[in-house]
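Colleague: Per the numbering used here, the very first residue in the sequence shown carries number 101; after that it's consecutive. This structure is in structure tokens; I'll ask about it shortly.
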Amino acid sequence: MNQTEQKHVFEHILKIVVWLTVILVPVFFLPITLNILDFNKQFLLYGLVTVGVLMWFISAMARRTLIIHKTALDIPLIILLAVVGLSTLFSLDRQESFFGTSSLFNYSFLFHTALTLFYFLFVQSLTSYKLIKQALGGLVVASWLGILFYLIFGTADGLAIGGAVLRFNPVSSLNSIFIITLVPAFLLSLGYLFDKKRSLQKQAPWLLTFVVTGFLILTSGFHSAVVVAIVGLALMLLLAVINAHRVSYIWASIAFGMALLFGLLLFINVPGAVRPGFPPEVALGRSASNNIVTQSLSSGAKSFLLGAGPSTFNQLFSLYRAGNFNTLERFWSLRFEKPMSTAHSILSELGVLGALVLLFIVLLVVSFVIPRFFGKRQHNEEHIEEGDPYLIGTVCAIFLALTVGFFINIYDTVPWFLWWVFLALTVVLVQPRQTFFTSSHHIPLSDTPHYSLTFSFVAVLMVVSLSAFAVHLGTIYAAEVAFSNLARSESEGSFQTNMELLDAAVKKRPQYHTYRTAAARLALGEAKRLSELENPDTQRITQLFGFAVNEARTATTLSPTRVASWQFLALIYLYAQSAEPRANELAVDALEHAIALEPSNPFFYNQIGNAYAFQGNGDKAIESYEKAFALKADFVPAYINMAAWYDKKGDMTQAINVLERGLEVVGNDQNYIANMGQLYARRGQPEDLEKAKTIAEAFLRDDAKNISALMILAMIAEKKGDKQAALQYYNRILQVDQNNGVAAERAEALQTSAVR
């Protein structure tokens, strides 16, 4: 094979790689990892981009010339890459900002770099108008693959494969995002239907695409997808007005009607008969997201300029969650990994500098679009207009519609990928230029020995570096596969088997905090199981506990700003506080770190209050419980624990006062009311016994075997001296729960006293 043939082979492979990337990334998934969608899509992108870069470089070596198709966005995109890199360098969690999190989507530095390189490869491969249309066709094919999967497996049961279940669609874990990714195919098909010169035979596939995607968007009930579609339709109608002499009036009218119908759906609900059974999606609200972004940006110069770092919103949420978040009955204890929208994510994680560079890129593209459609048409573009009058305008409309989506939903892998694809297409089609396609920069590679040696050295270094990085990414992927095997076998496998699976993951990726926490959790669970045996192996339990502590501490070292790591470390210490003298002190230290990272969470103040109570430090315990009340007035555990502290000190009246104080806000919490009833029964004053009896009878009306109610009645009977009635109540408790130690002990004592 001569040099020319080699050049063409590698160029052809590059085009195939780019085309496969366009088709596969939106719908690719594998069931061998816990995150079967985003994690696999991103690693597929990394792999294909690596191959693409190698093919481009090898083809340049074969032709002895570097040919770079330049775009007007090259420098802004390099600046954006530098800003993301600096944000990663000064991130709250550098490793997570670089690699992202395996369990869910994060816009990491690695992902951003892959998208930037794909933009470069995409532009280099767009060497003809035909290739642009093929790329767009590939995107439509990907949309149809997603639609077909939804039509076949679009239920909550989904497709079970390899121990995993893929529900509803292969594009995103959020169905609203899946619907948004159909908007490009919807608008692209409309662009082709606008052309009145096309025959019905040529329009048939586009008509089917328009009808199916339009119906799915229309009936989905997701306002974010509807808004993106409305923006796209508005821009398409503007395109029709500009090209009124060529547009099909029928399809322009249909587009206008669709825009009105979509707008109407923003104010009324889709009828249940046609609405798909998508589950509700829980997301952080706009107000909470605004508050977190504002506080993050105002926390310092670094945060203002560069943000907290890619993939760090979870830490920002913990640090800046508002106190009123605790009033949300069902969601107050959740930690949100993502804000309400991509715009919030960009501002908080990349700072004002990152947001401004991205805004500049969008405005620069708009500055190309406006003169392209409203200015004087260039003579050398006439052949493009004759060939496909609406393709350029449609691509621009899709890019701008996807950009608007930044402000109304949180993008994951596929919409971000589509945004970069249409960014490249828009720039290639509308940027100022002397010819239709981008200008090229040719860098000849000299044949002199000195130059050849230098270039060969650079080439070898590049190939080796890319290969080494690919191997490293492969190791990370293998670690996640091993960890996924553990997660799917943990409930069935033995402790030894599970630890072997986890050890395989840890050895491949020892710096990942999630694996360390999982190891600690496994060891702690086994230690608890062994401690409950009739003849526990104390030495083995101690070894397991020590291992759990070491792994949990390692997790906090690897990710010191992730509050969940400190929370779990504190849990381990609290579990051992009775056996290990320093455990309680270390638990307090871990909880103080957790409070520093999440100061508005009442759970931590309750836990540290318990630790102070264990130390006998009543003042600090009460102070901590009061802080928990201040953050969440209806936080039941803090009231119960504070009352227990007073009860332990013999101040039963103060204990009852605490529970009565909280009764106004906690509502009908049965555990809380049962504690009150038992305290009333133990204090034993006449009005107390009546209150306790009322509580018990209320419980028994709902459940005749309620153990708390029977216990209260037994205590009342004992206070009144009716031992026979008390014994009957204890026996009834034992009939329901044979292992109830308190009831068994009291029943035995009453029987013994009766014999005497």
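By construction, the Cβ of each residue, glycine as well, lies at the ideal position given by its N, Cα and C atoms.
Ends of the beta strand (DSSP E) at LEU226?
Modeller: Where LEU226 is concerned, there is no enclosing beta strand (DSSP E), given that its DSSP letter is neither H nor E.
Colleague: Using CA coordinates, which residue listed in PHE460, VAL127, ALA620, LEU287 is at the minimum distance from PHE499?
Modeller: Cα-wise, what sits closest to PHE499 is LEU287.
Colleague: Please report how far the alpha carbon of GLU685 lies from the alpha carbon of GLU698, in whole angstroms.
Modeller: Spanning the two alpha carbons is a distance of roughly 20 Å.
Colleague: Give me the residue from GLY385, GLY246, GLY258, SER584 with the minimum Cα distance to MET440.
Modeller: Among GLY385, GLY246, GLY258, SER584, the Cα nearest to that of MET440 is on GLY385.
Colleague: Closer than 7 Å by C-beta to MET742: which residues in its own chain qualify, once you throw out the five before and the five after it? Chain order, please.
Modeller: The residues are ILE722, TYR725, VAL758.
Colleague: So, with DSSP's three-state summary, where would you put VAL560?
Modeller: DSSP places VAL560 in helix when its eight states are reduced to three.
Colleague: Residues in its own chain within less than 6 Å of ASP138 by CB, not counting five upstream and five downstream?
Modeller: Correct list, in chain order: PHE205, ASP512, THR513.
Colleague: With a threshold of 16 other CB atoms inside 10 Å of the CB of GLU486, please say whether the residue is buried or exposed.
Modeller: Confidence at GLU486 is low in this model, with a pLDDT of 41, below 50, so its placement is unreliable and the value that follows should be read with caution. With fewer than 16 Cβ atoms within 10 Å of its Cβ, GLU486 is classed as exposed.
Colleague: Pull the bridge partners of ILE261 from the DSSP assignment, please.
Modeller: DSSP output for ILE261 lists ALA264 as bridge partner(s).
Colleague: Does DSSP classify ASP295 as helix, strand or coil?
Modeller: Three-state DSSP puts ASP295 in a strand.
Colleague: Whose C-alpha, out of ILE232, ALA408, ILE756, LEU365, is nearest the C-alpha of VAL184?
Modeller: Closest option to VAL184, Cα to Cα, is ALA408.
Colleague: Specify, as a first and last residue, the run of the alpha helix (DSSP H) that ASP788 falls within.
Modeller: Residues 786-802.
Colleague: Considering only C-alpha positions, which residue in the set ASN701, ASP257, SER202, GLY625 is nearest to PHE431?
Modeller: The candidate whose alpha carbon is nearest that of PHE431 is ASN701.
Colleague: Let me check understanding here. Comparing Cα to Cα, which of GLU111, ALA260, PHE199, GLY147 lies closest to ILE167?
Modeller: The residue with the shortest Cα to Cα distance from ILE167 is GLU111.
Colleague: What separation, rounded to the nearest whole angstrom, lies between the Cα atoms of PHE322 and ILE508?
Modeller: The alpha-carbon atoms of PHE322 and ILE508 are separated by roughly 11 Å.
Colleague: Would DSSP call VAL109 helix, strand or coil?
Modeller: Residue state, collapsed to three classes: helix.
Colleague: Would you check if the distance between the CB atom of VAL469 and the CB atom of VAL530 is smaller than 7 Å?
Modeller: The answer is yes: Cβ separation under 7 Å.
Colleague: Mark GLU848 as exposed unless 16 or more other C-beta atoms lie within 10 angstroms of its C-beta, in which case mark it buried.
Modeller: GLU848 should be labelled exposed.
Colleague: Rounded to the nearest angstrom, what separates THR535 and SER398 at their Cα positions?
Modeller: Residue placement at THR535 is poorly supported in this model, since its pLDDT is 46, which falls under 50; the coordinates are not used for a value here.
Colleague: Count the other CB atoms within 10 Å of the CB of THR852; is the residue buried (16 or more) or exposed (fewer)?
Modeller: So THR852 ends up on the exposed side.
Colleague: DSSP three-state label for VAL465, please.
Modeller: Note: VAL465 maps to helix in three-state DSSP.
Colleague: For ILE484, which of helix, strand or coil comes out of DSSP?
Modeller: The predicted model places ILE484 with a pLDDT of 44, which falls under 50 and marks its position as unreliable, so this point remains unresolved.
Colleague: Looking at the structure shown, is VAL393 part of a helix, part of a strand, or coil, going by DSSP?
Modeller: Correct three-state label for VAL393: helix.
Colleague: Quick one: which unbroken alpha helix (DSSP H) runs of 4-plus residues sit fully inside the region 333-389? Chain order, please.
Modeller: Entirely contained in the region 333-389, the alpha helix (DSSP H) runs reaching 4 residues are, in chain order, 349-365.
Colleague: Which ranges does the alpha helix (DSSP H) cover as unbroken runs of at least 4 residues, wholly within the region 565-611, from first to last along the chain?
Modeller: The region 565-611 contains these whole alpha helix (DSSP H) runs: 595-608.
Colleague: Check for me: the alpha helix (DSSP H) holding GLN778 runs from which residue to which?
Modeller: From DSSP, the alpha helix (DSSP H) with GLN778 extends over 770-783.
Colleague: So for GLY400, helix, strand or coil by DSSP?
Modeller: Three-state result, GLY400: coil.
Colleague: What are the complete alpha helix (DSSP H) segments, minimum 4 residues, inside the region 689-734?
Modeller: Runs found: 702-715, 718-731.
Colleague: Do ASN424 and LYS732 have their C-beta atoms closer together than 7 Å?
Modeller: Contact: no.
Colleague: With a 10 Å radius around its C-beta and 16 neighbouring C-beta atoms as the bar for buried, classify VAL842 as buried or exposed.
Modeller: Burial call: exposed.
Colleague: Among LEU181, GLY454, LEU226, SER276, whose alpha-carbon lies nearest the alpha-carbon of LEU857?
Modeller: Since the first and last residues shown for the chain are 101 and 856, residue 857 lies out of range.
Colleague: Short check: CB of ALA582 to CB of ALA605, under 7 Å?
Modeller: In contact: ALA582 and ALA605 (Cβ atoms closer than 7 Å).
Colleague: Taking the alpha-carbon positions, what's the SER556 to LEU458 distance?
Modeller: Computed Cα separation, rounded: 36 Å.
Colleague: Start and end of the alpha helix (DSSP H) containing MET742?
Modeller: That run of the alpha helix (DSSP H) goes 736-748.
Colleague: Please determine, among ILE695, LYS170, PHE729, ARG682, the residue with the shortest C-alpha to C-alpha distance to GLN715.
Modeller: Closest by alpha carbon: ARG682.
Colleague: I'd like to know if the region 248-260 and the region 295-306 are in contact, where contact means that at least 3 CB-CB pairs between them fall below 8 Å.
Modeller: With a cut-off of 8 Å, the region 295-306 and the region 248-260 do not count as touching, because too few Cβ pairs lie within range.
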